[in-house]
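Number of protein chains: 4
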Amino acid sequence: MGQGRRGRADQARLAPPLDQPTDTRPRPLQFQTTTHMNPQELKSIMGSGLLSFPLTDFDAEGNFDRKGYAERLEWLAPYGATALFAAGGTGEFFSLTADEYPEIIQTAVDTCRGKVPIIAGAGGPTRFAIQCAQAAEKAGAHGVLLLPHYLTEAGQEGLAAHVEAVCRSVKFGVIVYNRGQSKLYPATLEKLAERCSNLVGFKDGIGDIELMSSIHLRMGDRFAYLGGLPTAEVYAAAYKALGTPVYSSAVFNFIPRTAMDFYRAVADDDMATQHRLLKSFFMPYLEIRNQGQGYAVSIVKAGAKIVGHDAGPVRTPLTELKKNECEALAALIEALGPQQ
Amino acid sequence: MGQGRRGRADQARLAPPLDQPTDTRPRPLQFQTTTHMNPQELKSIMGSGLLSFPLTDFDAEGNFDRKGYAERLEWLAPYGATALFAAGGTGEFFSLTADEYPEIIQTAVDTCRGKVPIIAGAGGPTRFAIQCAQAAEKAGAHGVLLLPHYLTEAGQEGLAAHVEAVCRSVKFGVIVYNRGQSKLYPATLEKLAERCSNLVGFKDGIGDIELMSSIHLRMGDRFAYLGGLPTAEVYAAAYKALGTPVYSSAVFNFIPRTAMDFYRAVADDDMATQHRLLKSFFMPYLEIRNQGQGYAVSIVKAGAKIVGHDAGPVRTPLTELKKNECEALAALIEALGPQQ
Amino acid sequence: MGQGRRGRADQARLAPPLDQPTDTRPRPLQFQTTTHMNPQELKSIMGSGLLSFPLTDFDAEGNFDRKGYAERLEWLAPYGATALFAAGGTGEFFSLTADEYPEIIQTAVDTCRGKVPIIAGAGGPTRFAIQCAQAAEKAGAHGVLLLPHYLTEAGQEGLAAHVEAVCRSVKFGVIVYNRGQSKLYPATLEKLAERCSNLVGFKDGIGDIELMSSIHLRMGDRFAYLGGLPTAEVYAAAYKALGTPVYSSAVFNFIPRTAMDFYRAVADDDMATQHRLLKSFFMPYLEIRNQGQGYAVSIVKAGAKIVGHDAGPVRTPLTELKKNECEALAALIEALGPQQ
Amino acid sequence: MGQGRRGRADQARLAPPLDQPTDTRPRPLQFQTTTHMNPQELKSIMGSGLLSFPLTDFDAEGNFDRKGYAERLEWLAPYGATALFAAGGTGEFFSLTADEYPEIIQTAVDTCRGKVPIIAGAGGPTRFAIQCAQAAEKAGAHGVLLLPHYLTEAGQEGLAAHVEAVCRSVKFGVIVYNRGQSKLYPATLEKLAERCSNLVGFKDGIGDIELMSSIHLRMGDRFAYLGGLPTAEVYAAAYKALGTPVYSSAVFNFIPRTAMDFYRAVADDDMATQHRLLKSFFMPYLEIRNQGQGYAVSIVKAGAKIVGHDAGPVRTPLTELKKNECEALAALIEALGPQQ
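Protein chains in written order, with our numbering: chain C, 13 to 352; chain X, 13 to 352; chain F, 13 to 352; chain G, 13 to 352.
Below you can see the structure in the form of structure tokens.
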């Protein structure tokens, strides 16, 4: 990689990962995260490198395990993700209650201060999503990812009003997440973007190329984009070709070095490395993941345990991987070689 | 179960609505609801007459309006529903937060004490559903309807663990609700019934005749059954024919007399009355309701306002009916004649 | 309509099956089917008793087996079905070619002349459906069941034009079949009914109670209705309660006596018999049927073989039941007792 | 494979379109299509450039218009598509009958001989698909695209048997098409590839990136791949990034120059041109196309008429675009400038 590229990468992200692709050892980052980050800074961060969603640690009783969670973040922080999403989908946001949420975000912010920005999950009923977003802002998080509302069908107008209400409740940046029954169309996003200057990011969890392309072509650089399908690596090259190269990696939670290697292969259009890892790891990984509904998260917790960073049990309605599934996953991980 | 309680349950099951089908005037019920009701009493209640889900009142700022809600329940209580579900789907459970939930249930219990049993909604993350269920039990509600979990996919085993955790957290009866991605199959329900003696009811919001029939044939009188599709009147005759004659009426919220008339026509196999009301009211009503996603609730709030019992605005992501839709609804309601 | 025909239609509608429910032995029917039947006669026939869809016999090479098919129809004709559908869904219409279709219909018409009316399947591309319908009319069939078009998406206007073209190509009656991507809504059916006097029947293969009820309430006695979900017995009571008591029985192909018993139990609102047969036979039958896609037909061919009326192999893309599935089916059939 | 043939295949693969991207004027191709082409040659052709599906011409009565069709192919042949699919999806294969199919293919083969290879559509019931494939082979077509079977659900095993039967019925190459309910998974495709040496191509009409990627990673260069979603240009960059750069263009039917320009922009990773055309043409085009079910074909016939190459009416169940939709389309086409 030539000097010019290094320079451009530095500008984009300020961070080492792409500069020193062969050195993946944990290291203190110079990156100094401010306590507050304005929406445009969040947007820049989102567009500049790999993102990940750390698991949330629970103890044997299923209660939040603050100590384990802090250690997890300290372990993951140096690997080069551009931002970490606390209490996102992989962090079982969908199983958290109002009383435990602030502590989780505060732990993430405190642990990662000066290391890596923290974007907090929010979602559910409008008023609960606002409570989350405001708690996250107060805790010093750098933005919020808005997960879907709860249960009811809703039309574009109602979804927009929901998103707008959350955006107006905070000053920091908001990333909206298309997933399940919360599916915003380009015209709706355009209106929201006009009304909410702090709506700066769009995460896709639908996987409809026509819709994703329509949104990107309509909104252009008004948003930062984030590929957010489960096991997003499988979609990464396709999304990059659409103009949206950034994605969030769930496997970063247990094979952070491989996750970064794959991300760099995408960034460099290194198809050989992508195909090698897709064939040797991700495709058989999908076969395990597709054995059970909800395994997109369970398998990540299983992976973390296998690599010695146990995050405790998943909460219902998720279930643990079966023994043979864990063994198959362990074999896949081992074949990748050391992650340190 | 003491003699006194058994007596009351019998009264409920054999209560006036079906005995005196021609007298639909509001009247003081002799039914004396106890503060506590055991699961079998709840099951008896569920199987004995029309159920309904009152709207939840919000003020202009969208905050819970306790006074309006109490007046609503006082208005509806004498019309002959066997039980009222506080903070259920039509009550926008999906938009409520942990801090406002207990007051809603307490208001319902206090207002309806001695008049009609209150079953409380619960749902979302397992721990939140437990918080709801326990708060409802403490407030003196007579059981809980468990709405779906939030967001994540889940398999049968995980869904069962979720339902079991909620059942074990309370002593009163639990009704489980198949809807959306929370879809329990007969074998799962059978296991749950063995493990949870207080799981006494099943509500269907899927509308798959084969599944509903399979569940009913497998579980028989172990459960009480409740047809819970939106505008359940349309399904009532079919579900009765499967052996599950009880349903919950949303339109009871604004045309309680017609709702009771229809229920009696179903109970009496009076197809002429059913078809007359289906053709003159319910089918054109569906045409309005199907204009917008989420209108299944919005149209009920619109109806309540039209009949002079305004429950305030819906919360996002729901939206209000358009003006012309309200006018069409008003014309339909007026054509039914007086409801008192 | 001449006096003689009217008389025969009356005979059909009032025919023995429902009059003499306890005598189920095969018997020569007095019913003398004319070579031609007008659409209103077809409609009367459709509304008067159990319908069934005989399997189509193939030899070891998969070619149409005329002799086997004729024997099948002679075996089934006396059991009391009001009409038989030749080359319908259970008869693998979806696997037949233009050159073999006329022979199948001609065989059915010739074999059943004077015994039971034959309604022929038709479907696929508009022009192919017209070829089928005209060939069936020429062969002396008494009407046609219009199965869905092939492959493409289509809107209501295009579907209506397709159905109208088929109706206009023949003089006898047409029954339209909602299934898969061919889903006509009430307003479309109303327009078609105005334009096509020979469109006299509606068969439902969707299973959406709200849609079925809307259609029935809108169209009333303009159509005869036919419940046509796979294993329609499971839906029969529900559909009867909606006002559409007639259905087509696939299991009639191998347990004709039980099929007629069940039909009479539906006609008589005999819930005990229905529930007994649903629990002892149909529910475990569904468990086998749901093991494989396309098994709704394969399991019927397996059943026919088990009872000594082998219809040969299914055509691709259908597959035969596995050995253990056949054994489970044989046990279910045996438990029902003799069918003669 | 003889020397001459190999040479011609090489010519095809290395043919002008990508070599001379700036010269888009119609020109006589040196490519001399032989009457027969072996499966590997077909595979080479498929992987070497833009493919397209010409419309099928119908006259005012809806009958096949041989003269119009021949003129259409003569018009389109010089524009640089690597192969043309006669009677494919855009050619309304789904509306054709057995008696008109051979003439269509023969017309295409005769007209394009020595200009561009013809791949014929086939589909529907197994035996009909075989009739088509054999007729196409006899007519001198260079391969067959196997569209889905008709109507019935089917499992992987049955789908595979269906595809295998078609492959075994011919000697030339077969391309299988995942679309709608005919969805082959990687393991099934792998087995089919082992058993059918003439199965050389895979066309995707599902749009599931995870599935497409799984198939490509599993099958590698055993197959040639073809992106076949409606308006495939929207997916082209994403599919190229997965390793499958070839797609079939429907708009080639009326804006062949723009279609070739876009194809070259994809081949050259020229994102600026792609985004310009996507924003100025394809996105507003999708808005028209998405107005009606089945418009994916109707809009192409409308486009052909607008540019002076009227192909006559669509067949039911398709419908023509409305007048205002045609005007909007005409404006989009005009804005692209001359296509010659």
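Each residue gets a CB set at the ideal place from its N, CA and C atoms; glycine is no exception.
Residue i - containing beta strand (DSSP E), residue span
i                     : result
residue 97 (chain X)  : 95 to 98
residue 128 (chain X) : Per DSSP, residue 128 (chain X) belongs to no beta strand (DSSP E) and is neither H nor E.
residue 156 (chain F) : 155 to 158
Contact check, residue i vs residue j, beta carbons under 8 Å
i                     : j                     : result
residue 159 (chain X) : residue 179 (chain X) : no
residue 344 (chain G) : residue 296 (chain G) : yes
residue 204 (chain C) : residue 166 (chain X) : no
residue 154 (chain X) : residue 62 (chain X)  : no
residue 247 (chain F) : residue 214 (chain F) : no
residue 274 (chain G) : residue 312 (chain G) : no
residue 98 (chain X)  : residue 120 (chain X) : yes
Start and end residues, alpha helix (DSSP H) containing residue i
i                     : result
residue 336 (chain G) : 335 to 347
residue 273 (chain X) : 268 to 279
residue 140 (chain X) : 138 to 151
residue 81 (chain C)  : 78 to 88
residue 62 (chain G)  : Counting along the chain, residue 62 (chain G) falls outside any alpha helix (DSSP H), and DSSP gives it neither H nor E.
residue 263 (chain C) : Element bounds for residue 263 (chain C): n/a, residue is neither H nor E.
residue 197 (chain C) : First-last for residue 197 (chain C): undefined, no H or E at that position.
residue 313 (chain F) : 307 to 318
residue 191 (chain G) : Run containing residue 191 (chain G): none; DSSP gives neither H nor E here.
residue 52 (chain F)  : 51 to 58
residue 245 (chain G) : 245 to 254
Residue i, DSSP secondary structure in three states
i                     : result
residue 122 (chain C) : helix
residue 327 (chain G) : coil
residue 216 (chain C) : strand
residue 166 (chain G) : coil
residue 237 (chain X) : strand
residue 186 (chain F) : strand
residue 67 (chain F)  : coil
residue 290 (chain F) : helix
residue 72 (chain G)  : coil
residue 232 (chain X) : helix
residue 204 (chain X) : helix
Residue-chain proximity (residue i, chain G), Cβ-Cβ < 8 Å
i                     : result
residue 221 (chain C) : yes
residue 321 (chain C) : no
residue 246 (chain C) : yes
residue 287 (chain F) : no
residue 97 (chain F)  : no
Assumed close pair residue i, residue j - CB separation to whole angstroms, cut-off 8 Å
i                     : j                     : result
residue 244 (chain C) : residue 261 (chain C) : 6 Å
residue 110 (chain X) : residue 146 (chain X) : Going by Cβ atoms, the distance from residue 110 (chain X) to residue 146 (chain X) rounds to 12 Å, so no, they are not a contact pair.
residue 124 (chain C) : residue 157 (chain C) : At roughly 16 Å, the Cβ-Cβ gap does not stay under 8 Å, so residue 124 (chain C) and residue 157 (chain C) are not in contact.
residue 163 (chain C) : residue 192 (chain X) : 7 Å
residue 96 (chain F)  : residue 64 (chain F)  : 6 Å
residue 76 (chain C)  : residue 104 (chain C) : In fact, because the Cβ distance is near 10 Å, the residues do not count as touching under 8 Å.
Residue i at chain X interface by Cβ criterion, 8 Å
i                     : result
residue 189 (chain C) : no
residue 109 (chain C) : yes
residue 295 (chain F) : yes
Any C-beta of chain F under 8 Å from that of residue i
i                     : result
residue 205 (chain G) : no
residue 162 (chain G) : yes
Test: residue i CB closer than 8 Å to a CB of chain C
i                     : result
residue 249 (chain G) : yes
residue 198 (chain X) : no
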